[in-house]
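Numbering (the working numbering), first residue to last: 17 to 528.
Glycine included, each C-beta is placed from N, C-alpha and C at the ideal position.
Just so you know, these numbers come straight off a predicted model, no measurement behind them.
Notes follow once the structure below has been shown.
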Ligand code: NG6
Ligand code: CA
């Protein structure tokens, strides 16, 4: 503890007094904006090879900054990737970090160091705007949506938060500002249930004729209908508070821009967690029909526009030069994720995971290797393409080192300081990385080992190759990025060494 405070104290002195942090006197700390898109694949952006869709605003970050080709989320779904980003802990070390329902309790212990608390310690104002999906309220306690919500983003390091609880396909379909559900009418209290139907409202199962966006067969998404869309989970009440899906991107953008304006005179950290391009894909009128790929393409355009609006706001506020803005995604892509939005049929000729195998839910590269572009005009040289191995879990150790904060091992046991790589000063990132689809994998250098796992090889609903195999898999990513050629049988010693290393990382409770 003492150490920690001493570290904090010295870092404050350092930051106030440092004459030369980046070659300039009295360098103001950079603003940091982390834009976290949902389910955007390695091949979904034009800068990563997409030809059927154009994403000029996101691509611009790479042209004016750096674009990574070997950047990763820890996991192939949302909640665990976000948990890792916030805590620096591999999510599989903690039970209950899988995809959460909308009424789940907060899974980040509030006493922990988190990425936003680290920024607070460095004197930043912090905000979380957008999708949350890390649970709310005390453990094992039912959330009362009609009273202030006790634990959430504000208790894990965010000074300001405007968010929805889980995903846009899960109830409750409401926005929360700090602790309060927005536009709540006390005479129409909200109730949520994930185990049984509550209330008298139509459900997708009973009244499919009421759906404006039909659910895909067998995927669920057929509980309470809100805004013509069947959701996962049942809710009643809160009629006035329910969102309109087509407005979500605009609402979040407005809140993000407002936070930037209010904090233009002091350093800020904005975690901007987009709803796009998760299902249900419901673009605003502005983007409907604007792509050649149906709704999924339209929300890619909407997402790109959103990034462009953030860049404009930075220009307008005179903050462009000294803002580090990062764009990334929480997991790989999926076409059919449960609504009949024709994504599969209309994406012909588009490869959402690029040359990678698998996608969302998969232990193959498509599940976790994601786009990562970053711009900071003052520091990052324009036009760098980097193949450094980096992971979102590394942000906490990287910024810890940047701010000269002392991060104890137990604070972020799986986070590595890769700041030099993030800023394009070296092409060397971390040496190894454990990733999670269903199975765990270990990547070290060119080699990727996927540990044996029972379970279906192909998830039919989403058409995902899961990476499950009862035999070990070993791929040489330098020659076989598509993981087609399993070299395990020919390299038993390598398999043994990597399996042992993975076991050791698991047992040690830490990897740094
Ligand atoms: C799945 C949902 C899927 C999506 C996912 C979470 C079904 C059949 N599928 O359970 O639609 O919501 O959870 O996505 O219900 S994530 O990006 O937030 O991890
Ligand atoms: Ca996701």
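Would the C-beta of residue 407 count as close to ligand 1, meaning under 6 Å from any of its heavy atoms? Residue mapping note: residue 407 aligns to position 391 of the chain shown, counting from 1. Every heavy atom of ligand 1 is 6 Å or more from the Cβ of residue 407, so no.
Identity of the residues DSSP links to residue 492 by a beta bridge: The residue labelled residue 492 in the question sits at position 476 within the chain shown. Partner(s): 463.
Counted within 10 angstroms of its Cβ, other Cβ atoms place residue 48 as buried (16 or more) or exposed: Your numbering for residue 48 matches position 32 in the chain shown. By the 16-neighbour rule on beta-carbons within 10 angstroms, residue 48 is buried.
Which residues bound the alpha helix (DSSP H) around residue 9? The structure shown has nothing for residue 9, since the chain only spans 17 to 528.
Around the C-beta of residue 41, are 16 or more other C-beta atoms found within 10 angstroms, so that it is buried, or is it exposed? Here residue 41 refers to the residue found at position 25 when the chain shown is read from its first residue. Any reading at residue 41 must be qualified, since the residue scores a pLDDT of 43, below 50, and its modelled position is unreliable; no value is offered.
Span of the beta strand (DSSP E), counted from its first residue to its last, around residue 391: Position 375 of the chain shown holds residue 391. Residues 388-391.
With 16 as the cutoff for other CB atoms within 10 Å, does residue 489 come out buried or exposed? Numbered from its first residue, the chain shown carries residue 489 at position 473. Burial is judged here by how many other beta carbons sit within 10 angstroms of a residue's own beta carbon; residue 489 has at least 16 and is buried.
Thinking just about the alpha-carbon of each residue, which of 388, 424 and 375 is nearest to the one in residue 76? Walking along the chain shown from the start, residue 76 turns up at place 60. Among 388, 424 and 375, the Cα nearest to that of residue 76 is on 388.
Tell me which residues pass a beta-carbon proximity test against ligand 1: closer than 7 Å to any heavy atom, given in chain order. Output, sorted by chain position: 54, 55, 93, 94, 95, 115, 149, 183, 185, 186, 235, 236, 237, 248, 294, 295, 346, 347, 353, 354, 376 and 477.
Tell me, please, which residues DSSP counts as bridged to residue 250. Stepping through the chain shown from its first residue, residue 250 is reached at position 234. According to DSSP, which records beta bridges pairwise, residue 250 is partnered with 209.
Under the three-state reduction of DSSP, which class applies to residue 325: helix, strand or coil? The sequence position of residue 325 within the chain shown is 309, counting from 1. Looking at residue 325 - three-state DSSP - the assignment turns out to be helix.
What separation, rounded to the nearest whole angstrom, lies between the Cα atoms of residue 477 and residue 353? For the purposes of this step, residue 477 is identified with residue 461 of the chain shown, where counting begins at 1. For the purposes of this step, residue 353 is identified with residue 337 of the chain shown, where counting begins at 1. Going from the Cα of residue 477 to the Cα of residue 353 covers about 8 Å.
Start-end ranges of the beta strand (DSSP E) lying completely within the segment 232-308, minimum 3 residues: Runs of the beta strand (DSSP E) spanning 3 or more residues and lying entirely within the segment 232-308 occur at 250-252 and 284-289, in chain order.
For residue 504, which three-state DSSP category applies? Numbered from its first residue, the chain shown carries residue 504 at position 488. Per DSSP, reduced to three states, the secondary structure at residue 504 is coil, with no helix or strand assignment.
What do you reckon, are the CB atoms on residue 149 and residue 94 nearer than 7 Å? Against the chain shown, residue 149 aligns to sequence position 133. Against the chain shown, residue 94 aligns to sequence position 78. It is a contact, given that the beta carbons lie within the stated cut-off.
Could you check what DSSP says for residue 332 in three-state terms: helix, strand or coil? As a position in the chain shown, residue 332 is number 316, starting the count at 1. Residue state for residue 332 is assigned as helix, using DSSP reduced to three classes.
Opening and closing residue of the alpha helix (DSSP H) in which residue 136 lies: The residue labelled residue 136 in the question sits at position 120 within the chain shown. From DSSP, the alpha helix (DSSP H) with residue 136 extends over 131-137.
Contact check, residue 88 vs residue 384, beta carbons under 7 Å: Position 72 of the chain shown, counted from the start, is the residue given in the question as residue 88. Position 368 of the chain shown, counted from the start, is the residue given in the question as residue 384. In contact: residue 88 and residue 384 (Cβ atoms closer than 7 Å).
How big is the Cα-Cα spacing for residue 171 and residue 196? Within the chain shown, the letter at position 155 stands for residue 171. Within the chain shown, the letter at position 180 stands for residue 196. Their Cα atoms are separated by approximately 14 Å.
Cα separation between residue 519 and residue 450? If you number the chain shown from 1, residue 519 lands on position 503. If you number the chain shown from 1, residue 450 lands on position 434. Computed Cα separation, rounded: 11 Å.
Helix, strand or coil: which one does DSSP assign to residue 99? Stepping through the chain shown from its first residue, residue 99 is reached at position 83. DSSP, read as helix, strand or coil, puts residue 99 in helix.
Counting only runs that start and end within the segment 56-135, where is the alpha helix (DSSP H) found for 4 or more residues in a row? At a cut-off of 4 residues, the continuous stretches assigned as alpha helix (DSSP H) that sit fully inside the segment 56-135 are 72-79 and 94-103.
Considering only C-alpha positions, which residue in the set 400, 350, 511 and 466 is nearest to residue 437? Residue numbering aside, residue 437 sits at position 421 when the chain shown is read from its first letter. The shortest C-alpha to C-alpha distance from residue 437 to any of 400, 350, 511 and 466 is the one to 400.
I'd like the list of long-range same chain contacts for residue 323, defined as Cβ closer than 7 Å, with 5 residues on each side in sequence excluded. For the purposes of this step, residue 323 is taken as residue 307 along the chain shown, with counting starting at 1. Correct list, in chain order: 51, 73, 74 and 343.
Own chain, CB closer than 7 Å to residue 475, minus 5 neighbours either side, in chain order: As a position in the chain shown, residue 475 is number 459, starting the count at 1. Closer than 7 Å at Cβ, skipping near neighbours: 377 and 482.
Between the beta-carbon of residue 535 and the beta-carbon of residue 46, is there less than 7 Å? For residue 535 there is no data in the structure shown, the boundaries of the chain being 17 and 528.
For residue 386, collect the residues of the same chain with a Cβ closer than 8 Å to its Cβ; drop the 5 residues on either side in sequence, then sort them by chain order. The sequence position of residue 386 within the chain shown is 370, counting from 1. Contacts found: 56, 57, 58, 87, 88, 89, 344, 345, 346, 347 and 348.
Exposed or buried, residue 527, counting other C-beta atoms within 10 Å across all chains shown (16 or more means buried)? For this step, residue 527 is matched to residue 511 along the chain shown. By the C-beta density criterion, residue 527 is buried, having at least 16 other C-beta atoms within 10 angstroms.
Which residue from 157, 199 and 151 puts its Cα closest to that of residue 181? For the purposes of this step, residue 181 is taken as the residue at position 165 of the chain shown. Among 157, 199 and 151, the Cα nearest to that of residue 181 is on 151.
Counterpart residues of residue 339 in DSSP-defined beta bridges: Working through the chain shown from its first residue, we reach residue 339 at position 323. The beta-bridge partner set that DSSP reports for residue 339 consists of 47.
So what's residue 417 in DSSP terms, helix, strand or just coil? Along the chain shown, one-based indexing puts residue 417 at 401. Helix.
Would you call the CB atoms of residue 251 and residue 192 closer than 7 Å? For this step, residue 251 is matched to residue 235 along the chain shown. For this step, residue 192 is matched to residue 176 along the chain shown. Judged by beta-carbon spacing, residue 192 lies beyond the 7 Å limit of residue 251, meaning their Cβ atoms are not closer than that value.
I think residue 468 touches residue 479, with their Cβ atoms under 8 Å apart; what is that distance to the nearest whole Å? Within the chain shown, numbered from 1, the residue matching residue 468 stands at position 452. Within the chain shown, numbered from 1, the residue matching residue 479 stands at position 463. Between the beta-carbon of residue 468 and that of residue 479 there is about 23 Å, and that puts the pair past the 8 Å contact cut.
Where residue 328 and residue 273 are concerned, what is the direct C-alpha to C-alpha distance, given to the nearest angstrom? In the chain shown, counting from the first residue as 1, residue 328 sits at position 312. In the chain shown, counting from the first residue as 1, residue 273 sits at position 257. Our two residues, residue 328 and residue 273, have alpha carbons roughly 10 Å apart in a direct line.
Roughly how many whole angstroms lie between the Cα atoms of residue 143 and residue 466? Your numbering for residue 143 matches position 127 in the chain shown. Your numbering for residue 466 matches position 450 in the chain shown. Those two C-alpha atoms are separated by around 37 Å.
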